Structures are given as C-alpha cells and as structure tokens.
Amino acid sequence: MGLPETTPKLIAIVGPTASGKTALSVRLAERFDGEIVSADSRQIYRGMDIGTAKPTAAEIRAVPHHLIDIKDPDVDYTVAAYKADAVAAIHGIVARGRVPFLVGGTGLYADAVVQNLDIPRVPADPALRTRLEAEIARDGLSAVFDRLVALDPEAAYVVDPKNPRRVVRALEVALTTGLPFTAQRKKNPPLFDALTIGLDVPPDALRTRIDARIDAMMKEGLVHEVETLAARWGASCSAFDAIGYREIIGYLEGRTTLDEAAAIMRTNTWHYAKRQMTWFKQNKNVHWIREEDEANALVEEFLRPGRGKGGR
RNA sequence: GCGCAGGUGACGGAGUGGUCAAUCGUAGCGCGCUGUAAACGCGCCGCCUUCGGGCUACACAGGUUCGAAUCCUGUCCUGCGCA
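One point on numbering: in our numbering, the residue at position 18 of the first sequence is 29, and numbering is uninterrupted.
#1: What residue does the alpha helix (DSSP H) around T70 start on, and which one ends it?
#2: Would you mind giving the Cβ-Cβ distance between E16 and I104, rounded to the nearest angstrom? I have them listed as a contact below 8 angstroms.
#3: Pair every Cβ in the stretch 148-163 with every Cβ in the stretch 54-66, then say whether three or more of these pairs are closer than 8 angstroms.
#4: Within the same chain, show all residues whose beta-carbon is closer than 6 angstroms to that of A205, passing over the 5 residues directly before and after it, in chain order.
#5: Identify whether K173 lies in helix, strand or coil by the three-state DSSP scheme.
#6: Return helix, strand or coil for D150, following the three-state DSSP convention.
#7: Could you name the residues that DSSP lists as bridge partners for P111?
#8: Applying the 10 Å Cβ sphere with the 16-neighbour rule, what's the burial state of K197?
#9: Taking the straight line between their C-alpha atoms, what separation do you get for W244 and V178?
#10: Drop a sphere of 10 angstroms on the beta-carbon of V170, count the other beta-carbons inside from all chains shown, and report buried for 16 or more, exposed for fewer.
#11: Determine the contact status of A100 and H77, defining contact as a CB-CB distance below 7 angstroms.
#12: Can you tell me where the beta strand (DSSP E) holding V297 begins and where it ends?
#13: What's the call for K32, buried or exposed, on a 16-neighbour Cβ count within 10 Å?
#14: Assign L119 to one of three DSSP states: helix, strand, or coil.
#15: In whole angstroms, what is the alpha-carbon distance linking R323 and S247?
#16: Go through its chain and collect everything with a Cβ distance to V297's Cβ below 8 angstroms, but skip five positions before and after it.
#17: Assuming L202 contacts V98 (C-beta within less than 8 angstroms), just tell me the rounded distance between them.
#18: With a threshold of 8 angstroms on Cβ separation, who are the neighbours of K94 within its own chain once the five nearest residues in sequence on each side are excluded?
#19: Report yes if the C-beta of P111 is less than 6 angstroms from at least one heavy atom of the ligand MN; otherwise report no.
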C-alpha cells in the first residue's frame, strides 16, 4: 500500500502497564541498532522515577532514550507538545541512521505519532475552562453541550455529551478559533511506515505482574520519592495525578494507611491496564505477541530493505 | 446469661406495609476517547429470557394482611452493655 519509498520506518511497542514493554524494547533496540522514544505521559517528568517505572540507569546507558525526564512536574504537558517532540526525536534518530522505537502505554500519545493525528492548535485556556466549568455547574452539562452543538453541529455526534472534559475542550476550540472543533481534528497521511507490536499478557499473569511491581516500588522507596516531590513542587501538580503518586499523597496526608494506599494502587493500576487494553484493541494494525521471538521475527522482517509494511 | 441494637445482593450500606430484584458506593465485567489521557467518561452487574417478560429472593420457620425486606411469634447468629 502506497507510502513513498522514503517514508521512515518506525517500530511502535504498546501494551498495558507492567506488560514488559521497557525490557523488550531495550533488547530489540540493542539488537537492531535502535533508539527509544518514550510514549509515556508520566515518564516525561523528572523525579517521577519509581512510580512510573522508568527504564533503569543501565537500560538508558545501553540504549539512548528520548522524551524521558524532559519536564519538571509543575509543567503541564500535552498531547500536542508530545507529538511535536516525538516526531522531532524520531527524525533525529532516522538522520543518525538508526532505528526508531516508539515505546509506551499512553495510547493517545502513541497514536498521535503513528496515525499522525492533527490536534487542534488551540492551547488550553485555564480562564475559559474555569468559566465553562462554572457554567456546567450552574446550567448543567447538557445546556453547555447544546451551546457547543450550536457552534459545531457535527459535534453532536462526535463529542461525548456526558463527558465534561470533552465538552469543555471542544467548546474551548470552537470559541477561541471561531471554527468548529470537529473540523480541526483530523487523521493525516502517516508520517512513518510503522510496525506496531502489542504485548499480549494474559489477565491473570498481568495482575500478578502489577502486584509484584507495586511491591517492588514500595521497597525501592516510592513513599520517599513522592514525599520529596511533593515537598518541592506541592502536592497538587497535575503531573501527580498519576497512579502511585495520588495514593501515596493520600497516605502522606493521613487519609489512608500505607497498606490501604498500596491496595488502592493495585486496583487503580489494574483498572488502568484494562483501559489501555480497550484502547489498543481498537487498533486493528497491532501485531499481538506473547513471546519475544515473535517480536524479533516481526522486526527483522519489517526492517528488511523494501519490506516495509507500506502504511498498513 | 437478663438488657439493648442488629441480621439485606461479592463487600459496605439504604429501604421500615404496596410504586422493590430492592437507592447508593466499592469491587467485578464490557466499552469509549484528537492540546488535562496513569486523565476524563459511559454501560452491565440475582437466575432465565424469543428482551415483552418469567422465576427465586432481603438469616431460618411460622403467622397477620388483598399485599411483607418492611408488622407479630419462635429459632439460630452477631455487636455493645450488665452479670
């Protein structure tokens, strides 16, 4: 299928949290002379190491990693910024003659790159959002949704009328640009010839891995990490609206015991993993694998000159 | 072992004569998502169903009533109080 010959090849590795993406990607990158671009919305942040299960120092030494530790937790980062940063990083890797691996569990981030999503160029407007949220509180969400539909009729069946956050964002875009939100979100021709590999871990096994990972995080000093970060940046950064951080903050503020916090982390992480699966399953181009050998074979075949997947 | 308070779906916890298969929360299951995405949201959740409905249920056994998760009696069990 028709992608230009010159379209760079990209290998994306996705899967739920704790499925083994990091370890697999490091081995693949070593084997195929690659570099890794993280597609993880929390590993972006400096200092959030244990709770986000960042690659280890040894792993980072073994293979160059990009888009990890690029912001402080008080900075709000976004999909749009991510897409730009990731595309730039990938081009850099390609220019160096190496193979780019896009690795991470933040589905929207990965899709923004792989599917070349056109994200409306309207930055968040906190004042406007606050006003719209007040409007929702006063008039009800459906009234505000109606307002959106008046400006953007198509939004009636594209935007979830029951999701305040979506309604607010769509209105934000429509109001500040004067153009319909739905006309500004597009899927463009792909920038990269991508092979997407998904790690398929059976539910029971995944749950076991998640629990084990949380135990390990606790032993490695998650509480101390969160305490230190909160002391420095305050507990209310949106970066800390993340599994592990939220629960430990709750413990530090005396709302739960440590055991309770850990238990909540386990179920929240599980819920998250299930949402990730829901997301990734939608993408019919993912090659689901259970064994590393399968990944090796897929990548080897994909990288063979003239054997790209041609936009599929 | 006399007193009091209770025993409701996996758990927590509403309901106190009909409109109750039983509000709600949690867990569980399914799903969605284009500048907060580890975020945000939606659906299902006794059993069966040709999706109209059918069946069995609110500790157990009786009873009152046209009608009971809701009232009465007894039994068993639990918690606090007094022995």
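Where a beta carbon is used, it is the ideal one built from N, C-alpha and C, also for glycine. On a predicted model such as this, the values are computed, not experimentally measured, just so you know.
Reading from the atomic positions:
#1: It is worth fixing the name first, because residue 70 is Glu in this sequence and not Thr. E70 -> alpha helix (DSSP H) spans 68-73.
#2: Rounded, the Cβ-Cβ distance is 19 angstroms, inconsistent with contact.
#3: no
#4: L21, A23, V125
#5: coil
#6: helix
#7: E46
#8: exposed
#9: 30 angstroms
#10: buried
#11: yes
#12: 297-300
#13: buried
#14: helix
#15: Annotation note: pLDDT 40 at R323 (below 50); position unreliable, coordinate value reported separately. The straight-line gap from Cα to Cα measures roughly 42 angstroms.
#16: V25, T207, I208, G209, F291
#17: 6 angstroms
#18: Y120, A123, V124, L128, I130
#19: In the structure shown, the ligand MN is absent, as is every other ligand, since no ligand is present at all.
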